[in-house]
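>
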Amino acid sequence: MPDSVSAPAQKGRERAQFALVIPTLCEAGNILELLEEVRNVLDSVGVNYEILVVDDESCDGTGELVKRVAENDPRVRLLVRRGERGLSGAILHGWRHSDADVLGVMDADRQHPPALLPQLLQAILNDRDVAIGSRYTKGGETGQWNLLRRLWSSMAVSVTLPLQQRGIRAKDPMSGYFLVRRTCLGDICFEQSGFKLLLEILVRGRISSIQEIPFAFGQRASGTSKANLRVARDFASLLLKLYANRLQLSGLKEQTKTVRNLPEAEEATSSERVTLRR
Ligand SMILES: Nc1nc2c(ncn2[C@@H]2O[C@H](COP(=O)(O)OP(=O)(O)OP(=O)(O)O)[C@@H](O)[C@H]2O)c(=O)[nH]1
Ligand SMILES: [Mg+2]
5 MPDSVSAPAQ KGRERAQFAL VIPTLCEAGN ILELLEEVRN VLDSVGVNYE
55 ILVVDDESCD GTGELVKRVA ENDPRVRLLV RRGERGLSGA ILHGWRHSDA
105 DVLGVMDADR QHPPALLPQL LQAILNDRDV AIGSRYTKGG ETGQWNLLRR
155 LWSSMAVSVT LPLQQRGIRA KDPMSGYFLV RRTCLGDICF EQSGFKLLLE
205 ILVRGRISSI QEIPFAFGQR ASGTSKANLR VARDFASLLL KLYANRLQLS
255 GLKEQTKTVR NLPEAEEATS SERVTLRR
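Okay, here's the thing in structure tokens:
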């Protein structure tokens with residue numbers, strides 16, 4: 005189900021400028037160290053932030069671990085979704101529970117280095133709409149992927165290029181590590197089930213500038229990957245939807261152009277006007 009990202013009114017809480025969502029599905033072996041590292045980095049930047057861990061009822065105790073941290077630090081919040089799955093939906097759920105202007109996401113499995121956060125925030129301060137932790141821009145690395153995964157990933161990136169806005173195409177539109185201004189999301193209804201929210205934002209969001217900051221994609225520290233065949237199927241379905249929208253839009257533009265360019269439109273009889281409208 006698509007859903008939009010409007011900010012709630014926050015009661016009794018100082019407004020955060022930056023909300024970082026960490027989606028979790030069975031990340032008990034990773035989450036405590038990650039939270040510690042992220043808080044240290046963000047404390048050193050001096051930004052007013054909150055971290056929202058969005059957990060889909062992990063059965064390895066992830067939620068309980070985060071709850072304990074949250075009890076001692078109000079900047080850490082645990083949001084548990086019941087009976088739901090889906091990475092994009094989890095991220096959107098977190099963003100909807102914050103009223104911060106700058107929204108971000110990073111994986112819980114330690115593949116995204118928290119040390120990159122100050123540079124990502126700086127890019128937004130420098131007026132970029134989206135700041136992307138990028139494996140494909142100069143200096144970035146995909147890490148220890150096998151040949152098949154490398155091929156699959158670069159093919160997937162190529163397929164997205166025609167969808168992205170000319171002049172601001174991202175080299176790593178499938179990164180799971182990025183920041184975006186809330187205003188760029190408007191009232192767009194994003195897909196809940198997908199794994200590739202950044203791509204959807206780049207294609208459908210109100211984006212006029214991006215910056216990619218290189219990083220080396222790390223190894224998952226603990227636990228297992230959730231990227232499976234369902235994720236591949238959801239990605240294919242997202243691509244189909246985005247291409248279908250694109251075709252519809254260019255069809256509409258063509259129609260508008262044709263109507264605007266008709267020299268005899270002024271003199272058209274009422275019956276011709278009816279035909280044009282159809
Ligand atoms: N809440 C929630 N989190 C999810 C879901 N699926 C994945 N995640 C989290 O999203 C992040 C990315 O998932 P990963 O399994 O690491 O996927 P990946 O990084 O693309 O794949 P690997 O490189 O194989 O690790 C992790 O923090 C997961 O715990 C989900 O359905 N719900
Ligand atoms: Mg991962």
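Yeah, the sequence shown ends on 282 if you go by this note's numbering, and it's all consecutive. Backbone N, C-alpha and C define an ideal beta-carbon position, used for all residues, glycine too.
DSSP state of P3, grouped into three classes?
Examination of residue 3 is not possible in this model, given that the chain is present from 5 through 282 alone.
> With DSSP as the reference, please indicate the residues paired to E88 in a beta bridge.
Its beta-bridge partners do not exist; DSSP assigns none.
> Are the beta-carbon atoms of R86 and E61 separated by less than 8 Å?
yes
> Give the list of continuous beta strand (DSSP E) stretches no shorter than 3 residues that lie fully inside the stretch 191 to 221.
214 to 218
> Rounded to whole angstroms, what is the Cα-Cα separation between E18 and A240?
41 Å
> According to DSSP, simplified to helix, strand and coil, what is L280?
Any reading at L280 needs caution, since the residue's pLDDT is 26, under 50, leaving its predicted position unreliable; the model's value is listed next. It is helical.
> Look at the alpha carbon of I136 and the alpha carbon of D105, and state the distance between them as a whole number of angstroms.
17 Å
> Can you give the Cα-Cα distance for R79 and P166, rounded to whole angstroms?
Taking the straight line joining both Cα atoms gives about 40 Å.
> State buried or exposed for V49, treating a residue as buried only when at least 16 other CB atoms are found within 10 Å of its CB.
exposed
> Over what stretch of residues does the beta strand (DSSP E) that includes L120 continue unbroken?
First-last for L120: undefined, no H or E at that position.
> In the DSSP output, what is G137 paired with across the bridge?
I217
> Quick check: the Cα distance between A119 and N249, rounded to an integer number of angstroms?
37 Å
> According to DSSP, simplified to helix, strand and coil, what is R170?
Reduced to three states, the DSSP call for R170 is coil.
> Pick out whichever of P177, R234 and G144 has its Cα sitting closest to the Cα of G222.
For G222, the nearest C-alpha among the options comes from G144.
> I want to check one thing, is the minimum distance from the CB of D238 to the heavy atoms of ligand 2 below 7 Å?
no
> With a threshold of 7 Å (Cβ to nearest heavy atom), would D64 be considered close to ligand 2?
no
> Return the chain-ordered list of same chain residues with a C-beta closer than 8 Å to the C-beta of L152, the five sequence neighbours on each side being excluded.
none
> G108: which of V134, R154, T66 and K142 sits nearest, CA to CA?
Nearest option by C-alpha distance: V134.
> Out of L125, Q115, E68 and G67, which one is the CA nearest neighbour of A23?
Nearest Cα to A23 within the set L125, Q115, E68 and G67: L125.
> Would you grab the beta carbon distance between S197 and D238 for me? Rounded to a whole angstrom, and I think it's under 8 Å.
Right, the Cβ-Cβ distance comes to about 5 Å (below 8 Å), so this counts as a contact.
> Enumerate in chain order the residues of its own chain whose CB-to-CB distance from V161 is below 8 Å, with the five nearest sequence positions on each side excluded.
Y140, K175, D176, P177 and M178
> Taking the beta carbon of E271 as the centre, do at least 16 other beta carbons fall within 10 Å, making it buried, or is it exposed?
In this predicted model, E271 has a pLDDT of only 41, less than 50, meaning its place in the structure is not dependable; the value taken from the coordinates is given anyway. With fewer than 16 Cβ atoms within 10 Å of its Cβ, E271 is classed as exposed.
> Secondary structure at V51, three-state DSSP: helix, strand or coil?
coil
> Answer yes or no: the CB of G143 versus the heavy atoms of ligand 1, is any distance below 7 Å?
G143 Cβ: outside cutoff for every heavy atom of ligand 1.
> Beta-carbon separation of G227 and C30 under 8 Å?
yes
> In or out: Y232 buried (at least 16 other Cβ within 10 Å) or exposed?
As written in the sequence, residue 232 is Asn, which differs from the Tyr given in the question. Result: exposed.
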